[in-house]
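Structure first, commentary second.
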Amino acid sequence: MPIRDKKIWYSVAILEILAVSISIFFTFSNPSLILFLLFFFFIALLVIVSLHLFKLPIFPYDRILSAVSTGDLSNWEKESGIRIDIAENYQVYYPKVVSLDDGWRMYYRGGGKRGGIVSAFSRDGLKWNPEPGFRVNVECCANSIVRVEGCEVIKNCENSWRLYYSATDGNRWRIYLCHSNDGLYWDNHSLCINTPNNDEYQGVKAPSIVYSNGIWKMFFMRFFKSNIRIYTSFSTDGISWSKMSECVGICSPLAWVRNPFVISNPDGTLRMFFSEREYSSDPLNAKIMSAVSSDGIHWHREEGVRIASGTGYDRHGIFNVDIVPIETGYRMYYTGYWGRHLLEPLTLRYYRKRRE
23 MPIRDKKIWY SVAILEILAV SISIFFTFSN PSLILFLLFF FFIALLVIVS
73 LHLFKLPIFP YDRILSAVST GDLSNWEKES GIRIDIAENY QVYYPKVVSL
123 DDGWRMYYRG GGKRGGIVSA FSRDGLKWNP EPGFRVNVEC CANSIVRVEG
173 CEVIKNCENS WRLYYSATDG NRWRIYLCHS NDGLYWDNHS LCINTPNNDE
223 YQGVKAPSIV YSNGIWKMFF MRFFKSNIRI YTSFSTDGIS WSKMSECVGI
273 CSPLAWVRNP FVISNPDGTL RMFFSEREYS SDPLNAKIMS AVSSDGIHWH
323 REEGVRIASG TGYDRHGIFN VDIVPIETGY RMYYTGYWGR HLLEPLTLRY
373 YRKRRE
């Protein structure tokens, strides 16, 4: 159970102790020892049931889940369990996994509004142990940054890492770059992708990068309010980037696309996985679609759904995917939301009213 929910249940138990104690005090002038023992037994039972048996969360949460493919990248089978759960964070999403000599490291967005990019380590890609501290958060960025989101991590060589991340000053989202020698401590933060002041699409977010033949290709969202497009930019050094170009052929007139992830196919073409939902203001039932391209600009949407919402922790939708090769094919890490929770009727009512 998320720590926030546990704190609420503890608070409820304490308030009930106070309420029953006051009732006993005013009802019985000389309350018996047996009555107090029964009272504390009832409270202990309430806490045990709340914390250990009644595991339904109170609030809507995002969690990081996984699926596997035997190698064709079109058919995916969901894996049971949770890869990264809430724990002390309010939400966890935007997974990005990097292979290490002795296992894997996942970078992901964790915390509340002023959270940031955290990490976890795994030896098998399934069971993850969070690493202490933030990799990147608002305290280590420029003073104007108020929120940090999804990232892309590139390991150039043993002691050279690059992390591209989305951040906002409260008015505009930009993509920044920082460096590391060990993948844990990051510095030398600099602006990487910006937009012109007079441009309608002033926000850029959620970078995904592929590197081949000496060229870096970055794909990201570019948006204004609820109007989102997928753009790309090219670079020869990963630091200076070309003028942004829109990725043609991805958007649907009946849906809203976001959060691109791009991977190189064995034949040299590119495949993009992206989240799609039918209503621009409604995140319900978001699914993962795909498209292919030979130049990174002109795309052809593939038929079918790569992975759709289910009945568990991805009951209400899916977004933010990352894919890594494994011995049997590929593993996809994705964000599932929200699953069953006590406030589910209110959550659904809120977003469905926005749809109207």
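In this note's numbering, the protein residues as written are 23 to 378.
In this text, a Cβ means the ideal position worked out from N, Cα and C, and glycines have one as well.
Given the structure is predicted, the values throughout are model-derived calculations rather than measurements.
Identify whether residue i lies in helix, strand or coil by the three-state DSSP scheme.
i, result
"Ser33", "helix"
"Pro288", "coil"
"Val168", "coil"
"Thr357", "strand"
"Tyr253", "strand"
"Tyr112", "coil"
"Asp123", "coil"
"Arg293", "strand"
"Lys265", "coil"
"Ile25", "helix"
"Cys162", "helix"
"Glu366", "helix"
"Arg280", "strand"
"Tyr373", "helix"
Leaving out five residues before and five after residue i in sequence, what residues of the same chain have Cβ atoms less than 7 Å from its Cβ?
i, result
"Leu95", "Arg293 and Tyr352"
"Asn210", "Cys200 and His201"
"Asn216", "Arg196"
"Arg371", "none"
"Asn97", "Ser91"
"Glu101", "Ser88, Ala89 and Val90"
"Gly332", "Lys100"
What residues in its chain sit with their C-beta under 8 Å from that of residue i, if we drop five residues either side in the sequence?
i, result
"Gly78", "Per the sequence shown, residue 78 should be read as Leu rather than Gly. Excluding sequence neighbours, Leu78 sits near Arg362, His363 and Leu364."
"Lys149", "none"
"Arg194", "Thr217, Gln224 and Gly225"
"Ala142", "Ile106, Arg127, Met128, Tyr130, Trp150, Asn151, Pro152 and Glu153"
At what residues does the beta strand (DSSP E) containing residue i begin and finish?
i, result
"Met311", "Lys309 to Ser315"
"Arg85", "Tyr83 to Ser91"
"Trp238", "Ile237 to Phe246"
"Gly260", "Gly260 -> no beta strand (DSSP E), and no H or E assigned at all."
"Ile197", "Trp195 to Ser202"
"Gly138", "Gly138 to Ser144"
"Cys214", "Trp208 to Ile215"
"Leu185", "Ser182 to Thr190"
"Ile345", "Gly339 to Ile348"
"Gly134", "Per DSSP, Gly134 belongs to no beta strand (DSSP E) and is neither H nor E."
"Gly225", "Gly225 to Ser234"
"Arg323", "Trp321 to Arg323"
Tell me whether residue i is buried or exposed, calling it buried when 16 or more other Cβ atoms sit within 10 Å of its Cβ.
i, result
"Leu40", "exposed"
"Tyr99", "Residue identity check: residue 99 is Glu in the sequence provided, not Tyr. Exposed: under 16 other Cβ atoms inside 10 Å."
"Ala109", "exposed"
"Asn342", "buried"
"Asp289", "exposed"
"Pro282", "buried"
"Phe64", "exposed"
"Gly134", "exposed"
"Phe246", "exposed"
"Thr357", "buried"
"Asp27", "buried"
"Asp84", "buried"
"Ser33", "exposed"
"Gly103", "exposed"
"Leu170", "Here residue 170 is Val; the residue named in the question, Leu, does not match the sequence. Burial call: buried."
"Lys3", "Here the chain has residues from 23 to 378 only, and residue 3 is not among them."
Considering only residues of the same chain and omitting the five flanking positions on each side of residue i, which have a CB-CB separation below 6 Å?
i, result
"Ser166", "Asp191"
"Arg251", "Arg244 and Glu268"
"Val232", "Lys239, Val284 and Ser286"
"Ala330", "Lys309"
"Tyr112", "Gly134"
List the whole-angstrom C-beta distance separating residue i from residue j, where the pair is believed to meet the contact cut-off of C-beta under 8 Å.
i, j, result
"Tyr253", "Asp304", "24 Å between Cβ atoms; not a contact."
"Thr369", "Pro24", "Incorrect: roughly 15 Å between the Cβ atoms, too far for contact."
"Leu185", "Val158", "7 Å"
"His338", "Tyr355", "About 18 Å separates the two Cβ atoms, so there is no contact after all."
"Glu324", "Ser312", "5 Å"
"Ile80", "Ile30", "6 Å"
"Asp336", "Leu87", "6 Å"
Taking 7 Å as the line, does the beta carbon of residue i fall inside it for any heavy atom of the ligand NAP?
i, result
"Asn219", "As presented, the structure is devoid of all ligands, the ligand NAP included, so that no description of it is given."
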